[in-house]
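Colleague: Per numbering that gives the first Met the number 0, the sequence shown starts with residue 0, numbered consecutively.
Note that beta-carbon positions come from the ideal geometry of N, C-alpha and C, so glycine has one too.
These numbers come from a predicted model, not from an experiment.
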Amino acid sequence: MHPLSNPTHHRITQSAIAALPGEDREFLAPEADLLIWTYCGFPDMNWHWYGTFAEDPSIPFDRRLPDIRREWEISRYCAWNSLTREGRWYPHWPPDALEATADHFSRAVKTLAEGGYHDALRILGAAVHYAEDCGSPAHAGHIDPPLHLPMERIDRPEMEAAIAIPGYTPRLLGSALETACDGIRERGQKVVAFAETAAGKIRELCEAGEQHEAQSLMVPCAQECARYVADLLHTFCVLAEHARPETPIAPHGCNLIANADLSESDDVPQVPRGWYIHWNDLRDRNGRAGLVASDHSPALMVESPPEQGIHWRTPWPRAARVRLGMRIHLAIRYRTEGPQGSNRCSIRFYTGNTTLVGIFCTDLLPPSEEWCDVGLSAEVPEGASWARVSLEASGGEGRILFRDPRLVRLNP
Ligand SMILES: [Zn+2]
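#1: Nearest to TRP92 by alpha carbon, out of ALA130, ARG69, ARG84 and TYR76?
#2: Would you report the Cα separation of MET300 and VAL407, rounded to the nearest angstrom?
#3: Buried or exposed: PRO305, going by 16 or more other Cβ atoms within 10 Å of its Cβ?
#4: By a C-beta neighbour count over all protein chains shown, 10 Å radius and 16 as the cutoff for buried, is PRO2 buried or exposed?
#5: For LEU261 versus LEU290, is the C-beta spacing smaller than 9 Å?
#6: Determine, using beta-carbon pairs with one atom in the segment 168-179 and one in the segment 116-125, whether at least three such pairs fall under 8 Å.
#7: For the beta strand (DSSP E) containing PRO156, list its first residue and its last residue.
#8: At what residues does the beta strand (DSSP E) containing TYR349 begin and finish?
#9: Count the other C-beta atoms from every protein chain shown that fall within 10 angstroms of the C-beta of ARG334, then say buried if there are 16 or more, exposed otherwise.
#10: Listed in chain order, which residues are found with a beta carbon closer than 6 Å to a heavy atom of ligand 1?
#11: Are the CB atoms of ALA163 and GLN222 nearer to each other than 9 Å?
#12: Kindly indicate the opening and closing residues of the alpha helix (DSSP H) around HIS251.
#13: Using the Cα positions of LEU363 and ALA259, report the straight-line distance between them to the nearest angstrom.
#14: For GLY187, which of helix, strand or coil comes out of DSSP?
#15: Count the C-beta pairs between the segment 9-27 and the segment 100-115 that are closer than 8 Å, then say yes if the count reaches three, no if not.
#16: Would you check if there are 3 or more beta carbon pairs closer than 8 Å linking the segment 131-151 to the segment 193-206?
#17: Identify, in the order they occur along the chain, each residue of the same chain with its Cβ nearer than 6 Å to the Cβ of LEU204, setting aside the five sequence neighbours on each side.
#18: Give me, in chain order, the residues of the same chain whose beta-carbon lies closer than 7 Å to that of ASN45; leave out the 5 immediate sequence neighbours on both sides.
#19: So, helix, strand or coil for SER296, using DSSP?
#20: Find the nearest neighbour of HIS147 within the set MET158, PRO314, PRO380 and SER135, judged by alpha-carbon distance.
#21: Taking the DSSP output, what are the residues bridged to PRO271?
#22: Within a Cβ cutoff of 6 Å, which residues of the same chain sit near THR83, ignoring the five residues on either side of it in sequence?
#23: Shortest alpha-carbon distance to GLU422 belongs to which of GLY86, ARG398, ILE399 and ARG343?
#24: Just checking: is the beta-carbon of ALA259 within a distance shorter than 9 Å of some beta-carbon in chain D?
#25: Below 8 Å, can you find three or more Cβ-Cβ pairs linking the segment 346-361 to the segment 21-40?
#26: Would you say ILE331 and PHE401 are within 9 Å of each other, going by their C-beta atoms?
#27: For ALA298, which of GLY286, GLN307 and TRP311 has the nearest alpha-carbon?
#28: Would THR100 be called buried (16 or more neighbouring beta carbons within 10 Å of its own) or exposed?
#29: If you check the beta carbons only, do PRO316 and ARG152 fall under 9 Å apart?
#30: Among residues of its own chain, excluding the 5 on either side of GLU70, which ones have a beta-carbon nearer than 7 Å to its beta-carbon?
#31: In its own chain, which residues sit with a C-beta less than 7 Å from the C-beta of GLY308, not counting the 5 before and 5 after it?
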């Protein structure tokens, strides 16, 4: 979970899921952890300065923001790119946030109908985020900084714990997509009204510097959000008829890496689609990484990486679906220029909720001015569901270039 994401969102989602009937919880189970800790934060992390040292007063000036936006392809799931201005941006306050909730809910239902379970749940996370924003006193009351954050901050442990709705029976907001979207808007309107009513007194307390006292008035708003989110999730599960499409296991005979020839770029020319830069030292300003042309074709470059390293990685949504006992093989070409530190390539294995369960690495790559081939095979370890590729450089003043990555499944 990203530290800049407001923890109250995650706590509300957690409480909502806990209140769902067993059948709904079972349906959401493979993605429940990520819905709680990652996906419902997506719309707050959908900014193109992720991955850069942004000159934004709310962000520490000495730190790069990790590129979570590309790591999760958040712009695609939110259907809005703040750099290219493609898609539609929704303000995070009513009435727009109500429309955003219904729109993303509808996209999630349609994506599931097309067979994309994981994609659907990520989009649903965006819907959940906007639903929660509707019930924040700061959002419902249209309060700007500096009072905005104090008016929605719930950080006293007993207040956080009180964001729970045991005994609540989630309501079906509509039995078909269209009626459900109307139901979401109507139900959301009541959540907004509840938060608007509370906002006056919360504002007075925050203005008087009594933010701790104000939290006890914010908790009922957060509980109302949790009820709304529980209704939303329950409605999603019922419309889906609790039928979870199978996620296809990585097939044989093809390269499991998308855009392996690096010909397609993402929203900036320095980053190819299907890759992102994982900056391990967020304070380092020396290291560089980007897509460059070498011998007339594109290559992934890292230059002057800090000791902690800079990695090129494949994003989560493009991870290969694997299962125990499968063997996979990574092959790639590289070449170096100038003094090198430690470079290597790895296949990283994770559980369904992105917990790391195994890393298989090449030996350190010997410096070479000519293009060299390197590869490694790995057997999928216990508990792993996903495999990602990581091309890693650390220390050294020179450059390393990678190209022609190939990830294949070996045994039937
Ligand atoms: Zn928001």
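Modeller: Reading off the structure:
#1: ALA130
#2: 23 Å
#3: buried
#4: Its pLDDT being 42, under 50, PRO2 is placed unreliably in this model, and the value from its coordinates should be taken loosely. Exposed, because fewer than 16 other Cβ atoms sit within 10 Å of the Cβ of PRO2.
#5: yes
#6: no
#7: It is not in any beta strand (DSSP E) - PRO156 instead sits in the alpha helix (DSSP H) that spans 156-161.
#8: 341-349
#9: buried
#10: PRO42, ASP43, HIS91, HIS128 and ASP132
#11: yes
#12: Per DSSP, HIS251 belongs to no alpha helix (DSSP H) and is neither H nor E.
#13: 22 Å
#14: helix
#15: no
#16: yes
#17: GLU212 and ALA213
#18: ARG68, ILE73, SER74, CYS77, TRP79 and SER81
#19: strand
#20: SER135
#21: SER264
#22: ASP266
#23: With the chain running from 0 to 411 in the structure shown, residue 422 is simply not present.
#24: The structure shown contains no chain D; it holds only a single protein chain.
#25: yes
#26: yes
#27: TRP311
#28: buried
#29: no
#30: TYR275, PRO314 and TRP315
#31: ASN279, GLU391, ALA392 and SER393
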